[in-house]
Amino acid sequence: VIVSSLDGLLMSGGADINPLLIGEEPIPQLQDVDPFRDEYDFILLRLAINRQLPIMAICRGHQILNVAFGGTIYQDIYSQSDGKHLKHSQSMAKEFASHTVKLTSDSVYLKDLFNGVDTLRVNSFHHQAVHCVAPGFINVAESPDGINEAIEHKERAIFGVQWHPEAMATNGDEMM
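The opening residue of the sequence shown carries number 3 in the numbering used here; numbering runs sequentially from there.
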């Protein structure tokens, strides 16, 4: 009933995603999960998709969007992905940027949203991240260490970002 009155859906941040949803057993680095939230988010996404609503997903929302469409996540980027990593769980205030992300030439929505700028300064509060991008989506942004920071659907107005643009708006940043 609620979804029928919406013009779009915003998926927000939150707890870790339960790895059982992607057929994996939990690793020791997994933090708090919320199975009820996982189920609720899947239902909301399914209803929004059926209504062909535009969807923007932030942080955990970005990850659950990817999982809902058949993609996978790293339960913990520091222990499961190769390479030297940036600090993706910043200790400074949320309105400040802690690293950059580079938008790819494939980006449509984000490039338009940020007026063609291809390098953004973003905040970062995660240890999980998109691993294999879901079918129908493309990777449109990465941090300098190669971690996925944004995905866009190839045909629909659906995209997700790993950072929190809503938090950066409090600093007068052009992010919002």
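Built from N, CA and C at the ideal position, the CB exists for glycine as well.
(Q) Less than 7 Å between C-beta atoms, sequence neighbours within five positions excluded: which residues of the same chain meet that for residue 148? (A) 85
Q: Check the DSSP bridge columns for residue 103 and list the partner residues they point to.
A: 122
Q. Which residue from 170, 164 and 169 puts its Cα closest to that of residue 66?
A. 164
Q: Under 8 Å by Cβ, that's how I've got residue 75 and residue 153 pegged, so tell me the actual separation to the nearest angstrom.
A: Residue 75 to residue 153, Cβ: 12 Å. No contact.
Q. Is residue 109 closer than 8 Å to residue 142 when the C-beta atoms are compared?
A. yes
Q) DSSP on residue 216, reduced to helix/strand/coil? A) Residue numbering for the chain in the displayed model covers 3 to 178; residue 216 lies beyond these limits and cannot be assessed.
Q.
Considering just the uninterrupted stretch of the beta strand (DSSP E) at residue 150, what are its terminal residues?
A. 150-155
**Q.** Contact belief for residue 101 with residue 126 at Cβ below 8 Å, rounded distance in angstroms
**A.** 6 Å
Q) If you pair each beta-carbon of the segment 45-57 with each one of the segment 113-128, do three or more pairs fall below 8 Å? A) no
Q.
Can you find the residues in the same chain that come closer than 6 Å, C-beta to C-beta, to residue 183, ignoring five residues on each side of it along the sequence?
A. The shown model of the chain, from 3 to 178, leaves out residue 183, and the question about it has no answer.
Q. If we count the other Cβ atoms within 10 Å of its Cβ and call it buried at 16 or more, is residue 170 buried or exposed?
A. buried
Q) How would you write the range of the beta strand (DSSP E) that residue 144 sits in, first residue to last? A) 139-144
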